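Following our numbering, the residues of the sequence shown are numbered contiguously, the last one being 1280. Ideal Cβ placement from N, Cα and C applies to all residues, glycine included. Because the structure is a prediction, the values reported are computed rather than measured. Take a look at the structure set out below.
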Amino acid sequence: MDAITVIRAKRDGGALTDEQIDWVVDAYTGGAVADEQMSALLMAILLNGMTGREIARWTRAMIASGERLELGEVGRPTVDKHSTGGVGDKITLPLGPVVAACGAAVPQLSGRGLGHTGGTLDKLEAIPGWSPRVPTERMRELLREPGAVVAAAGEGLAPADRRLYALRDVTGTVESIPLIASSIMSKKIAEGTGALVLDVKVGSGAFMKDAASARELAETMVALGEAHGVRTRALLTEMSTPLGLTAGNALEVRESVEVLAGGGPADVVALTLELAREMLALAGLADADPEAALKSGAAMDAWRRMIAAQGGDPDAELPVARETEVLRADRDGCLAEVDAYGVGVAAWRLGAGRARKEDSVQAGAGIELAVTRGARVTAGQPLATLHTDTPEAFEDALAALRPAFTLSATPPPDRPLIIDRIT
Ligand code: URA
858 MDAITVIRAK
868 RDGGALTDEQ
878 IDWVVDAYTG
888 GAVADEQMSA
898 LLMAILLNGM
908 TGREIARWTR
918 AMIASGERLE
928 LGEVGRPTVD
938 KHSTGGVGDK
948 ITLPLGPVVA
958 ACGAAVPQLS
968 GRGLGHTGGT
978 LDKLEAIPGW
988 SPRVPTERMR
998 ELLREPGAVV
1008 AAAGEGLAPA
1018 DRRLYALRDV
1028 TGTVESIPLI
1038 ASSIMSKKIA
1048 EGTGALVLDV
1058 KVGSGAFMKD
1068 AASARELAET
1078 MVALGEAHGV
1088 RTRALLTEMS
1098 TPLGLTAGNA
1108 LEVRESVEVL
1118 AGGGPADVVA
1128 LTLELAREML
1138 ALAGLADADP
1148 EAALKSGAAM
1158 DAWRRMIAAQ
1168 GGDPDAELPV
1178 ARETEVLRAD
1188 RDGCLAEVDA
1198 YGVGVAAWRL
1208 GAGRARKEDS
1218 VQAGAGIELA
1228 VTRGARVTAG
1238 QPLATLHTDT
1248 PEAFEDALAA
1258 LRPAFTLSAT
1268 PPPDRPLIID
1278 RIT
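In structure tokens, the structure reads:
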């Protein structure tokens, strides 16, 4: 087998054989296929696509490049959630404790944010003492009690994806449904969860800007999960405007704790409960009541134990940025849009996100919205507060944030939070 034959087959619009896929993924992971050869193949895949059989085999080869965790008997059914990423998407933080309080176990292996979308590990690391490093045996213990764990994926989990994702990032080959689906699902299947709910975001702040491509991605991922014995469902959800009122690490932790305390923004509460119901149904706990878990304080209790079990202090003061600046409305009007991408880029420029993998993030940086889509505003009214330790970032952040607010004479039409459900 040789790389040039495989590249030519895909370049000319053919389907790769199982043997070709197994060989090229394995040889690339082991260093026998060069980056420039894999780059050419990835571009051919992006341009010519893959059949369902090819995607399934590619995913299988990526899983086989590393270990598949055996979570074994943890005394509760395991179920995880994965979001394709959005602005202000802090749902994992309240969701894990809600689902754990209802009797399931949530084994979440998460990543860090890159670009304008945040990462769950960056958010939780804003909590003093909290660590994402959890050995597998300890992970099994935490799944028994408190029932939720958020950890950094180890080096041994789908190592082929680690190399491929880094290469795609610098070769313009991220935006391919077969490659995104196999990348996400290889990691989730290798994680060892019994069931999985996918939150596939649609809109300006998401990977998928339109519902048709989000639906195709969701259907591809659901089929991959089911083919590997993981019960999988997907929701398509709105990401044209940020979730909740905050984008930025410590700011999002604070908002999540408000939700766990029974308050918080309505959209964050609604999506947390909807995803919790899907997860509990897949885990065989359809009669559990996630709303009651929030109201009774059981979810808050699970959160406190989850944070403490990973070294965090749930009562510690969260980091606060040194400087703030307020953006105000320049005229009267109705907010027709608060654009997720603009808010995400502004939070990123303030230091909440990273441009390169090795960059660090500022825990306190980000955006706090004072108003949401549909609100009436008057000239001079605050629209948002910008938080950062590096005030020289305000100018660039404001340049992204100002155009994110669109004013109109009349209120915009309602937009549903849940667009579709894929089974
Ligand atoms: N997230 C992933 O893990 N992989 C992709 O390809 C895109 C988003």
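Just how far apart, CA to CA, sit residue i and residue j?
i: Pro1058; j: Pro1260; result: In the sequence under discussion, the amino acid at residue 1058 is Lys, which differs from the Pro named in the question. Near 22 Å, if we compare the C-alpha coordinates of Pro1260 and Lys1058.
i: Val882; j: Val1087; result: 23 Å
i: Glu893; j: Arg1211; result: 26 Å
i: Gln1219; j: Ala983; result: 9 Å
i: Ala1166; j: Ser1097; result: 35 Å
i: Gly1282; j: Val1195; result: Past the edges of the chain, shown from 858 to 1280, lies residue 1282, and the structure says nothing about it.
i: Ser1040; j: Ile920; result: 9 Å
i: Asp1271; j: Val1228; result: 16 Å
i: Leu903; j: Gly1105; result: 32 Å
i: Pro1239; j: Phe1262; result: 12 Å
i: Ala1017; j: Glu911; result: 16 Å
i: Asp1216; j: Tyr885; result: 26 Å
i: Ala1010; j: Ala1232; result: 41 Å
i: Leu999; j: Gly968; result: 19 Å
i: Ala961; j: Ala1145; result: 10 Å
i: Arg1072; j: Ile1279; result: 8 Å
i: Leu1055; j: Gly942; result: 11 Å
i: Ile1275; j: Val1125; result: 12 Å
i: Leu981; j: Thr874; result: 42 Å
i: Arg914; j: Gln877; result: 10 Å
i: Trp1205; j: Leu1226; result: 15 Å
i: Arg1179; j: Gly923; result: 43 Å
i: Gly976; j: Gly870; result: 36 Å
i: Leu1081; j: Gly1049; result: 14 Å
i: Ala1143; j: Glu1249; result: 51 Å
i: Lys1152; j: Gly1119; result: 6 Å
i: Ile1046; j: Arg925; result: 8 Å
i: Gly889; j: Leu1014; result: A small correction: the amino acid at residue 889 is Ala; Gly does not occupy that position in the sequence shown. About 20 Å.
i: Asn905; j: Glu1109; result: 40 Å
i: Glu1095; j: Arg1185; result: 26 Å
Check whether the Cβ of residue i lies closer than 6 Å to any heavy atom of the ligand URA, and answer yes or no.
i: Ile1041; result: yes
i: Ile920; result: no
i: Ile1279; result: no
i: Ile1037; result: yes
How about residue i and residue j: do their beta carbons lie closer than 7 Å?
i: Pro964; j: Asp937; result: yes
i: Ala957; j: Ala1159; result: yes
i: Ser1113; j: Pro1268; result: no
i: Met1065; j: Ala1038; result: no
i: Ala897; j: Ile864; result: yes
i: Asp946; j: Leu1100; result: yes
i: Arg1090; j: Glu1148; result: no
i: His1244; j: Thr1181; result: yes
i: Val1183; j: Thr1235; result: no
i: Ala918; j: Lys867; result: no
i: Val1006; j: Met996; result: yes
i: Ala1197; j: Val944; result: yes
i: Met1163; j: Leu1117; result: no
i: Met907; j: Pro989; result: no
i: Arg1161; j: Pro1171; result: yes
i: Asp979; j: Gly970; result: yes
i: Gly1062; j: Gly1201; result: yes
i: Ala1254; j: Gly1199; result: no
i: Ser1043; j: Thr916; result: yes
i: Gly1169; j: Gly986; result: yes
Would a check of beta-carbon distances place residue i closer than 7 Å to chain D?
i: Gly1004; result: Absent from the structure: chain D. Only one protein chain is present.
Point to revise | Segments assigned beta strand (DSSP E), at least 3 residues, entirely inside the region 896-954 | key: Complete beta strand (DSSP E) runs here, min 3: 936-940.
Exercise for review: Counting only runs of 4+ residues fully inside the region 1064-1124, write out the alpha helix (DSSP H) ranges in chain order.
Suggested key: The region 1064-1124 contains these whole alpha helix (DSSP H) runs: 1068-1084 and 1106-1117.
Exercise for review: Kindly provide the ranges of any alpha helix (DSSP H) runs that are 4 or more residues long and lie completely inside the region 998-1045, ordered along the chain.
Suggested key: For the region 998-1045, whole alpha helix (DSSP H) runs of length 4 or above, ordered along the chain, are 1016-1026.
Exercise for review: Could you tell me which uninterrupted alpha helix (DSSP H) segments, each at least 4 residues in length, are contained entirely in the region 1170-1216, listed from first to last along the chain?
Suggested key: Correct list: 1197-1204.
Review point. Fully enclosed by the region 1214-1255, which beta strand (DSSP E) runs are 3 residues long or longer?
Key: For the region 1214-1255, the full-length beta strand (DSSP E) segments reaching 3 residues or more read 1223-1226 and 1239-1245 along the chain.
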